[in-house]
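J.: Take this structure first; my questions come after.
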Amino acid sequence: MKILQERLVSVEAHVKDNNIKVMILGLGSVGTYLLDYLVSRNDEAIKVIVVGRSYEKMEKNVNIVRVASLIRGLNKTNIKIVADVDFTDVNSIQNVIEEHKPDFIINSSRAYPGLKYGSISWTNINANGIWTPLAIRFTKNIMEACDQADTNAVVINTSYSDAVIPWLKSAGKAYPDFGRARTALQLS
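Convert by adding 1 to the 1-based position in the sequence shown; the result is the number in the numbering used here.
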């Protein structure tokens, strides 16, 4: 994958051209919250591509966000739904990245839909060993797909980034550019 500085130059050019593409991988609670935030910006320059397994589930979440934005008088953002993408298959992810050429890729996917990582951990214990393998699976595949697609996108991981990013980095694998703010600062 190209170095971050090179990719940021490409993103900057798209921002100046008012043509910003944001790809959200996984449209659960975090992905839907992000989609709602982006739509609330009421910016015609932002195009959002939501990617996941189930068209019906994503369509419901997108429609809720669209209706909420209409109620607020904000409905300028273009949203495209891409379903049947298999996050266990690097080529499936690569194809969607190559087709849409996003500026930002946000991974909010979960290996098991509906399962909130940490939801069954012990009180006051951060059980990295339990949740990391679940979270790393898709992130690793997404990063391999980004490498193969030779994308200019900036990659952000919201899926258990405190453990996933350092693990991928220590294994010599491609890793997301950013995670939660705390993780991004720790890795710099």
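Every residue gets a Cβ at the ideal spot worked out from N, C-alpha and C, and that includes glycine.
(1) In whole angstroms, give me the CA-to-CA distance for S162 and E45.
(2) Would you list the one or two residues that DSSP bridges to I157?
(3) Less than 9 Å between the beta carbons of N142 and D90, yes or no?
(4) Locate the alpha helix (DSSP H) running through K22, then write down its first and last residues.
(5) For V83, does the three-state DSSP call read helix, strand or coil?
(6) Using only alpha-carbon positions, find the residue among C147, R42, I72 that is nearest to I94.
(7) By the three-class DSSP mapping on this structure, what secondary structure does K58 have?
(8) DSSP three-state label for K48, please.
(9) I'd like to know if K61 contacts chain D, where contact means its C-beta is closer than 9 Å to some C-beta of that chain.
(10) For the alpha helix (DSSP H) that contains I94, what are its first and last residues?
(11) Spatial neighbours of V51 within its chain, please: CB distance less than 6 Å, with the 5 preceding and 5 following residues excluded, ordered by chain position.
T.: On the basis of the coordinates in this document:
(1) On the sequence shown, residue 162 is found 161 positions in, with the first residue counted as 1. On the sequence shown, residue 45 is found 44 positions in, with the first residue counted as 1. S162 and E45 have their C-alpha atoms roughly 30 Å apart.
(2) To locate residue 157, count along the sequence shown from 1; it is residue 156. Per DSSP, I107, F179.
(3) Numbered from its first residue, the sequence shown carries residue 142 at position 141. Numbered from its first residue, the sequence shown carries residue 90 at position 89. Against a cut-off of 9 Å, the Cβ pair of D90 and N142 comes out as a contact.
(4) The residue labelled residue 22 in the question sits at position 21 within the sequence shown. Boundaries around K22 are those of the beta strand (DSSP E), 21-26, since no alpha helix (DSSP H) includes it.
(5) Residue mapping note: residue 83 aligns to position 82 of the sequence shown, counting from 1. If DSSP states are grouped into helix, strand and coil, V83 belongs with the strands.
(6) Residue 94 sits at position 93 when you count from the first residue of the sequence shown. The shortest C-alpha separation from I94 is found at C147.
(7) Position 57 of the sequence shown, counted from the start, is the residue given in the question as residue 58. Under the three-state reduction of DSSP output, K58 falls in the helix class.
(8) Stepping through the sequence shown from its first residue, residue 48 is reached at position 47. The three-state reading of DSSP puts K48 in strand, counting E and B together.
(9) Included in the structure is just one protein chain, with no chain D present.
(10) Translated into the one-based positions of the sequence shown, residue 94 becomes position 93. Start and end: 91-101.
(11) Residue numbering aside, residue 51 sits at position 50 when the sequence shown is read from its first letter. Closer than 6 Å at the Cβ level, and outside the excluded window around V51, lie I25, L28, M59, I82.
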